[in-house]
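What follows is a set of notes on a single structure, which appears directly below.
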Amino acid sequence: MNVKLRTITLMMTGVLALTGCQTADLSKQTSQTINMPTVVVNVDSDGDGVPDDIDQCPATPWNVVIDERGCPLAPIGVGLRMEYRAFFDKDSSKLLPKYQDELDKVGMKMQEYKGAILWVEGHNSRTEVDSADLNNPSPLAQARADNVKNYLISKFNFAPDRITTIEYGANRPIAPSDTEEGNMLNRRVYALATEPDK
């Protein structure tokens with residue numbers, strides 16, 4: 112019984128102490144102005160990687176190759192739209208055999224659609240580039256894109272002007288660069304075949 116009484120007494124003392132805190136006189140306190148830094152957020156409504164304030168084509172469809180203004184590099188076609196992806200070993204531009212079958216399908220579709228064009232992006236992971244060279248052209252990324260182009264030209268006898276290659280280096284990763292799995296996904300070629308409007 113004595114323990115209960117002591118516990119109740121301690122609780123009541125605590126309640127009274129806290130109640131006293133609520134009745135403190137706040138009229139003598141001075142107000143302070145706190146300067147909070149503002150954070151400017153670059154909004155990208157269409158998800159193309161170009162902020163809305165400089166995006167000259169604000170409604171670009173998903174997975175369309177764009178330029179620095181946010182506008183499609185390739186005309187968006189109506190008859191054909193086909194994507195291709197291939198991944199590469201580290202520091203290699205060799206097109207692996209397992210990606211050649213899919214590339215053959217792209218080539219056959221381009222034969223079917225005589226006016227079709229192909230845009231090929233070459234990419235590499237940050238582990239393949241020195242941090243000082245991130246903004247410089249990447250010969251490895253260019254070689255990856257060129258190997259896809261050369262494969263299609265040699266196998267399907269396409270005119271070279273139907274296939275355009277673009278080198279992005281390590282500037283457009285699709286996965287975090289802090290894991291080996293992410294770096295594997297970033298060592299890639301992405302291509303888009305379309306048939307321009309006539």
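Residues in the sequence shown are numbered consecutively from 112, following my numbering.
Cβ atoms here follow ideal geometry from the backbone N, Cα and C, with glycine treated the same way.
Residues that residue i bridges to, as DSSP identifies them
i    : result
M193 : A304
P284 : DSSP, once it has assigned bridges, lists no residue as partnering P284.
P183 : I177
E291 : In the DSSP output, where bridge partners are listed per residue, E291 has none listed.
I274 : L229
R299 : F198
Contact under 7 Å by Cβ, residue i with residue j
i    : j    : result
R237 : S288 : yes
L296 : W230 : no
I264 : E232 : no
A170 : V300 : no
L325 : N258 : It is not possible to answer for residue 325, since the shown part of the chain is limited to 112 through 309.
E292 : A227 : no
Assigned exposure category for residue i - 16 Cβ within 10 Å defines buried
i    : result
R255 : buried
S249 : buried
N146 : exposed
G218 : buried
V114 : exposed
G280 : buried
G125 : exposed
G158 : exposed
M221 : buried
D241 : exposed
V176 : buried
L116 : exposed
K225 : exposed
G160 : exposed
I119 : exposed
N235 : buried
N294 : buried
L251 : buried
Inter-residue Cα distance where the pair is residue i and residue j
i    : j    : result
D244 : R192 : 34 Å
E194 : T144 : 55 Å
R298 : S142 : 56 Å
E179 : D200 : 28 Å
I165 : A128 : 59 Å
S156 : Q253 : 30 Å
P162 : N153 : 5 Å
P284 : E223 : 32 Å
E310 : D212 : This structure does not reach residue 310, given that the chain is present from 112 up to 309, and the question cannot be answered.
I274 : C168 : 23 Å
F269 : K260 : 9 Å
F267 : N247 : 33 Å
Near the ligand ZN: residue i beta-carbon under 6 Å from a heavy atom
i    : result
N297 : Here there are no bound small molecules, and the ligand ZN is not part of this structure.
Legend entry - alpha helix (DSSP H) segments (min. 4 residues) lying fully within the stretch 191-266: 211-223
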